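Before any comments, here is the structure.
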Amino acid sequence: MTVLRRAILDHLARHDGPLSVPALQEVLLGDGLTPNKTSLYRQLESLHSGGEVQEVLLDNSGVYYEVSASHHHHALCKLCATAICIAHAVAEKGVKHLEGIARKSGFAATDHHMVLYGICKSCQAK
Ligand SMILES: [Zn+2]
Ligand SMILES: [Zn+2]
Ligand SMILES: [Zn+2]
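If you read the sequence shown in the working numbering, its first letter stands for residue 29, the second for the next number, and so on.
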């Protein structure tokens, strides 16, 4: 495993939430690593196709990456674009209910995607 690949996995594992590519570049810079976007994307793509990393789509803020985990949701800060992971079993029950309503309209839901938007803890403190 290359130094870059290990560093990417390390940061994604340690970070409490998915990271965007610019945020990854910043933390890698802290390690003295300065990968260009192409090699960073190439590593992420290969980690993703290997199933080690999953892509997180948070609407128009670009793709975020995190270590593969079971189904959960995310909250995105509108000011700094930091994202955190949100998991709650009760929320999934609410989704089941919504799926039931969709079924009444003849729609068979197969998947869902939810993002909470707001202001993160550190932006609130500013
Ligand atoms: Zn923020
Ligand atoms: Zn997550
Ligand atoms: Zn869910």
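A virtual CB, placed ideally from N, CA and C, is assigned to each residue, including glycine.
Keep in mind it's a predicted model, so treat the numbers as computed, not measured.
| Check | Outcome |
| --- | --- |
| beta-carbon Val84 near ligand 3 non-hydrogen atom, thresh 6 Å | no |
| Ala35, buried or exposed, once every other Cβ within 10 Å from all chains shown has been counted against 16 | buried |
| C-alpha distance - Glu73 paired with Lys65, whole-angstrom precision | 12 Å |
| Local conformation of His102 per DSSP, three classes | strand |
| DSSP-derived helix/strand/coil call for Ala97 | coil |
| Those runs of the alpha helix (DSSP H) which lie wholly inside the region 71 to 95 and span at least 4 residues | none |
| Pick from His100, Asp139, Ile129, Thr138 that is closest to Ala111, judged by C-alpha positions | His100 |
| Where Ala51 sits in the DSSP three-state scheme | helix |
| Where Gln107 sits in the DSSP three-state scheme | Per the sequence shown, residue 107 should be read as Leu rather than Gln. Coil, per DSSP. |
| Given Leu144 as reference, the closest of Leu86, Leu126, Lys124, Ile129 once Cα atoms are compared | Leu86 |
| Counted within 10 angstroms of its Cβ, other Cβ atoms place Cys151 as buried (16 or more) or exposed | exposed |
| beta-carbon Arg94 near ligand 2 non-hydrogen atom, thresh 6 Å | Per the sequence shown, the amino acid found at residue 94 is Glu instead of Arg. For ligand 2, at least one heavy atom lies less than 6 Å from the Cβ of Glu94. |
| Given Thr138 as reference, the closest of Glu127, Gly146, Ile147, Cys148 once Cα atoms are compared | Glu127 |
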